[in-house]
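Quick notes on the structure that follows.
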Amino acid sequence: MSASVLYDVPGPRARRRNLLYSVVGGAALLGLLVFVVMRLYSQGQFESYMWDLFEYNGIRQRLLDGLVSTLLAFSMAAVLSLVLGALLAAGRLSDHRPVRWVCTAVVEFFRAMPLLIMIFALYLSVFTGTPLWALVIGLTLYNGSVQAEVIRAGINSVPKGQAEAAYALGMRKTQVMLTVLVPQAVRAMLPTIISQLVVTLKDTSLGYVITYEELLYAGGVIMRNTVTEGGNPYVPVVIVVGTVYVLMCLALSYLATWIEKRGRRSRKGTPPAAPDASAPTPGAVPPQMAPEAALEAPRKS
Amino acid sequence: MNVLLDHFSLFRDGFLGTLSLTAVSAVIALVLGALVAACRVSPVPPLRAFGTMWVTLLRNTPLTLLFLVAIFVVPQVFFPGLSYYTLSVWALGCYTSAFVCEALRSGINTVPVGQAEAARSLGMTFGQTLRLIVLPQAGRTVVPPMSSILIALTKNTSLAGAFNVFELFGAQKTLSELGYSIVVIFGWIALAYLIITLTLSGLFRLLENRLAVAR
Amino acid sequence: MSPMKFRKTAAATFAVLALTATAACGGKEGTPSSNAKPSNSSGETPELPTYKVASGVDLEGSDTFDRIKKNGKVTIGVKNDQPYLGFEDPNTGERSGFDIEIAKMIAADLGLSADKITYKTIDSKNRETAISQGQVDYYVGTYTINDERKKKISFAGPYYIAGQSLLVRKDDDSIKSEEDLKGKKVCSISGSTPLMNIQKGNYGAEIVALDKYTDCVKQLTDGQVDAVTTDDAILKGYAAQQPKVLKVVGEPFSDEPYGVGLPKNDKVFQEALLDALQNHMDNGDWKKAYDATLGLSGSPADEPPALERN
Numbered sequence: 001m002s003a004s005v006l007y008d009v010p011g012p013r014a015r016r017r018n019l020l021y022s023v024v025g026g027a028a029l030l031g032l033l034v035f036v037v038m039r040l041y042s043q044g045q046f047e048s049y050m051w052d053l054f055e056y057n058g059i060r061q062r063l064l065d066g067l068v069s070t071l072l073a074f075s076m077a078a079v080l081s082l083v084l085g086a087l088l089a090a091g092r093l094s095d096h097r098p099v100r101w102v103c104t105a106v107v108e109f110f111r112a113m114p115l116l117i118m119i120f121a122l123y124l125s126v127f128t129g130t131p132l133w134a135l136v137i138g139l140t141l142y143n144g145s146v147q148a149e150v151i152r153a154g155i156n157s158v159p160k161g162q163a164e165a166a167y168a169l170g171m172r173k174t175q176v177m178l179t180v181l182v183p184q185a186v187r188a189m190l191p192t193i194i195s196q197l198v199v200t201l202k203d204t205s206l207g208y209v210i211t212y213e214e215l216l217y218a219g220g221v222i223m224r225n226t227v228t229e230g231g232n233p234y235v236p237v238v239i240v241v242g243t244v245y246v247l248m249c250l251a252l253s254y255l256a257t258w259i260e261k262r263g264r265r266s267r268k269g270t271p272p273a274a275p276d277a278s279a280p281t282p283g284a285v286p287p288q289m290a291p292e293a294a295l296e297a298p299r300k301s
Numbered sequence: 001m002n003v004l005l006d007h008f009s010l011f012r013d014g015f016l017g018t019l020s021l022t023a024v025s026a027v028i029a030l031v032l033g034a035l036v037a038a039c040r041v042s043p044v045p046p047l048r049a050f051g052t053m054w055v056t057l058l059r060n061t062p063l064t065l066l067f068l069v070a071i072f073v074v075p076q077v078f079f080p081g082l083s084y085y086t087l088s089v090w091a092l093g094c095y096t097s098a099f100v101c102e103a104l105r106s107g108i109n110t111v112p113v114g115q116a117e118a119a120r121s122l123g124m125t126f127g128q129t130l131r132l133i134v135l136p137q138a139g140r141t142v143v144p145p146m147s148s149i150l151i152a153l154t155k156n157t158s159l160a161g162a163f164n165v166f167e168l169f170g171a172q173k174t175l176s177e178l179g180y181s182i183v184v185i186f187g188w189i190a191l192a193y194l195i196i197t198l199t200l201s202g203l204f205r206l207l208e209n210r211l212a213v214a215r
Numbered sequence: 001m002s003p004m005k006f007r008k009t010a011a012a013t014f015a016v017l018a019l020t021a022t023a024a025c026g027g028k029e030g031t032p033s034s035n036a037k038p039s040n041s042s043g044e045t046p047e048l049p050t051y052k053v054a055s056g057v058d059l060e061g062s063d064t065f066d067r068i069k070k071n072g073k074v075t076i077g078v079k080n081d082q083p084y085l086g087f088e089d090p091n092t093g094e095r096s097g098f099d100i101e102i103a104k105m106i107a108a109d110l111g112l113s114a115d116k117i118t119y120k121t122i123d124s125k126n127r128e129t130a131i132s133q134g135q136v137d138y139y140v141g142t143y144t145i146n147d148e149r150k151k152k153i154s155f156a157g158p159y160y161i162a163g164q165s166l167l168v169r170k171d172d173d174s175i176k177s178e179e180d181l182k183g184k185k186v187c188s189i190s191g192s193t194p195l196m197n198i199q200k201g202n203y204g205a206e207i208v209a210l211d212k213y214t215d216c217v218k219q220l221t222d223g224q225v226d227a228v229t230t231d232d233a234i235l236k237g238y239a240a241q242q243p244k245v246l247k248v249v250g251e252p253f254s255d256e257p258y259g260v261g262l263p264k265n266d267k268v269f270q271e272a273l274l275d276a277l278q279n280h281m282d283n284g285d286w287k288k289a290y291d292a293t294l295g296l297s298g299s300p301a302d303e304p305p306a307l308e309r310n
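Chains as they are written, first to last, in the numbering used here: chain A, 1 to 301; chain B, 1 to 215; chain C, 1 to 310.
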């Protein structure tokens, strides 16, 4: 932590005070951790019979199958939602008013609907026998609408001069879009797009409600249908399944940070011709939304 | 069309359930989020580490899993006897607090360092700097993401419907169990959610405009 | 700790974890549950019956049977979370329970051995759709025969008469019947008939509605609720699974005749299923199957019910 808005570089007295806070805070946190662990321990959650189940081939296979189903649903939903997002974004930027209206209505509607309710309704009405499709279509409609907004914001954030220059060179609208605006928008918005993909990944767990056998459903069957000496192994299964989800999401977010860094580097490599047309550093994002804030905003389910 | 009229009390209870879940867990999320954000920007390393861990864990765990923990693990291991409503509200509040924290933190980070330095060189205390210089500026950047966080929270409350808390998803399930067409039910439920989310985003737009004028 | 470093460590951990998960070698077989070898009150383990597979079966004019013959296997809809009734072992994937035995004895009389059976887990709310769309050939899973359902599908049965009852903790003597529920927390599945019965009965109970009976039972053992109510067959299964902790109390206060669900208007198939049920009720298989499954709860079997022929 070098310079911060909130405080100066601490002097000797502040440093001493911070050290005291560190010790007190550290002790409090340690105490909390010890409390949690002791509680779990005294309930017998760390006994070997509670964790034994992960040594069984069938359990491992079931978790692995669940993971594969989760990834399958995720990859289908990711591709479809990006396609839908691109289409809806194009629709919202269209010159034809009716197209614009329809796309706006679609985006606003699906963004306002709880995914769970949508998936449940799709499952009961259209995709009765195929929970995978109910899940994928539900995820696609919701995340597609969010991605559409992200892409649109990205395109709008490209400095106006870019499009004007392209038109002045005699390019048509499609050409301007595809060769000038979209490449710049995608680069600016890629971190946000990927963090929305993290949301998509997390939301595949809603398949649990409609009996799609993804990771959380597999975990549910395992913890409900196993009775050990200490009862159902809820805690071990939750810890293992939760860890897998956290790691998957972290891996995806790591990809986002990595791409963001790479993007910044390559931008430095090719200095823009007109100083006016190139916004300051991460500046493709409007000042209202600092890069991090822009990243946070749609990053929710 | 008479689903609504025949079961108006069911819809009303569901609507009120969703509203109260949203309101209570929003308060928890805002308070917890502010606390965790304070931890994350504090000069005390253990607190910073705690804040980072809180955010990383909660933001990357599916809410469904968090609900399973709240409903089945917390009463067994830690606090027996809590009601399902309390447990659900805490699950929602903790989950959302991670997002609130990040919005607040990045809001603070967008305030140029020079602003605070200038304030300090004028002899302002830490409290004055925070109250008069940093937070008013941070607040403006925080409003738009906060609006989408609260709307997301509204939608997430539907998960509580699976755990003995009656709200709109519960109403949908009960009605479909009673044999009404899912398409019609979905229409009315969708309308109820639209009312809540559109009101919320309208309120936030007002707030945004209010703050924007002051600029 | 820099976030970058943390993430790298996390990615590495993930890779290791994934590898461990795939490395199936050295893993255990069998079931991780502690009560793998159950016994009844006299301490012996009752044997499951074996069924003689019929040969040369042909059902003229049954679309369902034609489909089974074409596929060379039968797909049976079942439940997977009801111990000793319709249960799936999480490790081996093996199905067990009274409903599964009924499914097997019918399949045997249709000329299909156990290895020609595919089980499919179907949720209560999707049963009619799954049967009428042909996702399953027939369905055995605590399926109460009623007129509403008969509009969409047909039944063969009843093969068991269940009734609503109560499951309580073994050390809890305050609840003996539904009359003692005043001020108690009672758990059941949201929107289900047993839940509505309790609500209508005005017993003064506080209702808790969850998504699965197993969740209710877990809440019962954790002390979050005082009783679980639904068909006694389901409750007996849980009592048999955890005989030291749980017991079923009270006389059944409703009639729930369980039937095998099959596609509507396939009269030939319906007759064949009824014959199969009758056959196994008469030769003692039904009783044996009951003793080895639900009988472990300590409640003895009644006489098999009379089948409904039309």
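All C-beta atoms in this analysis are idealised placements derived from N, C-alpha and C, irrespective of residue type, glycine included. The structure displayed is predicted, hence computed values, not measured ones.
Item, Value
"Given that I210/A touches chain B, what residues does it touch there, using C-beta distances under 9 Å?", "None at all; the shortest Cβ gap to chain B is about 11 Å."
"Contact criterion: CB-CB distance below 9 Å. Does N91/C meet it with respect to chain A?", "yes"
"Using a C-beta to C-beta distance shorter than 9 Å, which residues of chain C count as neighbours of P43/B?", "Under the 9 Å cutoff, chain C gives no residues; its nearest Cβ is about 16 Å from P43/B."
"Any contact of the segment 68 to 75 of chain C with the segment 272 to 283 of chain C, i.e. 3+ C-beta pairs under 8 Å?", "no"
"Under 9 Å between the Cβ atoms of P263/C and S124/C?", "no"
"Terminal residues of the continuous beta strand (DSSP E) containing T118/C?", "I117 to T121"
"Name the chain B residues whose beta carbon is nearer than 9 Å to that of Q43/A?", "Q76 and V77"
"What residues from chain A crowd round N80/C, counting only those whose CB sits closer than 8 Å?", "V221 and N225"
"Does the segment 27 to 37 of chain A come close enough to the segment 185 to 194 of chain A that 3 or more CB-CB pairs lie under 8 Å?", "no"
"Just to confirm the assignment, what range does the alpha helix (DSSP H) spanning L294/C have?", "Looking at the DSSP string, L294/C is not in any alpha helix (DSSP H), and its letter there is neither H nor E."
"By the 10 Å Cβ neighbour count, where 16 or more other Cβ atoms means buried, how is I234/C classified, buried or exposed?", "buried"
"Measuring CA to CA, which of G202/B, T197/B, L207/B and T61/B is closest to T18/B?", "T197/B"
"Which two residues bound the contiguous beta strand (DSSP E) that contains A209/C?", "E206 to L210"
"Which residue from L195/C, E178/C, G191/C and S165/C puts its Cα closest to that of I203/C?", "Per the sequence shown, the amino acid found at residue 203/C is Tyr instead of Ile. The residue with the shortest Cα to Cα distance from Y203/C is E178/C."
"Could you check if W54/B is buried or exposed, using at least 16 other CB atoms within 10 Å of its CB as the buried criterion?", "buried"
"Going by C-alpha distance, which of I161/C, Y143/C and G111/C is nearest A54/C?", "G111/C"
"Mapping DSSP to helix, strand and coil, what is Q45/A?", "coil"
"Quick check on the burial criterion: 16 or more other C-beta atoms within 10 angstroms. Buried or exposed for P233/A?", "buried"
"Quick test of the definition: if touching needs 3 or more C-beta pairs under 8 Å, does the segment 19 to 26 of chain A touch the segment 204 to 214 of chain A?", "no"
"Excluding five sequence neighbours on each side, which residues of the same chain lie with their C-beta closer than 7 Å to the C-beta of V245/C?", "R169, K170 and T221"
"So which residues on chain B does A209/C lean against when the C-beta distance must stay under 7 Å?", "N164"
"If the cut is a Cβ gap below 9 Å, which residues of chain C does G51/B touch?", "Residues of chain C passing the Cβ test: none, with the nearest at roughly 12 Å."
"In the DSSP assignment, the beta strand (DSSP E) including I161/C goes from what residue to what residue?", "I153 to A162"
"Can you give me the start and stop residues for the alpha helix (DSSP H) that L19/B sits inside?", "F8 to V41"
"Could you name the residues that DSSP lists as bridge partners for A227/C?", "V186/C"
"Give me the subset of the segment 212 to 223 of chain C whose CB atoms are less than 9 Å from a CB atom of chain B, sorted by chain position.", "D215, K218, Q219, T221, D222 and G223"
"Does any C-beta atom of chain B lie closer than 9 Å to the C-beta of S312/C?", "Given that chain C is displayed from residue 1 to residue 310, the structure contains no residue 312/C and the question cannot be resolved."
"Going along chain B, which residues have a C-beta under 8 Å from Y254/A?", "Near Y254/A there are no residues of chain B at all, since even the closest Cβ is about 11 Å away, more than 8 Å."
"From the beta carbon of N57/A, is the nearest beta carbon of chain C less than 9 Å away?", "yes"
"For T108/A, name the three-state secondary structure that DSSP assigns.", "Going by the sequence as given, residue 108/A is Glu instead of Thr. E108/A falls in the helix class under three-state DSSP."
"Can you tell which of F204/B, M146/B, L10/B and E167/B has its C-alpha closest to the C-alpha of A34/B?", "M146/B"
"Quick check on K116/C - is its C-beta less than 9 Å from some C-beta in chain A?", "no"
"Check the Cβ-Cβ distances between F98/C and every residue of chain A, and say whether any is below 9 Å.", "no"
"Unbroken alpha helix (DSSP H) runs of length 4 or more, entirely within the segment 30 to 88 of chain A: which are they?", "48 to 51"
"For the structure I just gave you, are there three or more beta carbon pairs, one from the segment 175 to 187 of chain B and one from the segment 194 to 202 of chain C, closer than 8 Å?", "no"
"Is the Cβ of N18/A closer than 9 Å to any Cβ of chain C?", "no"
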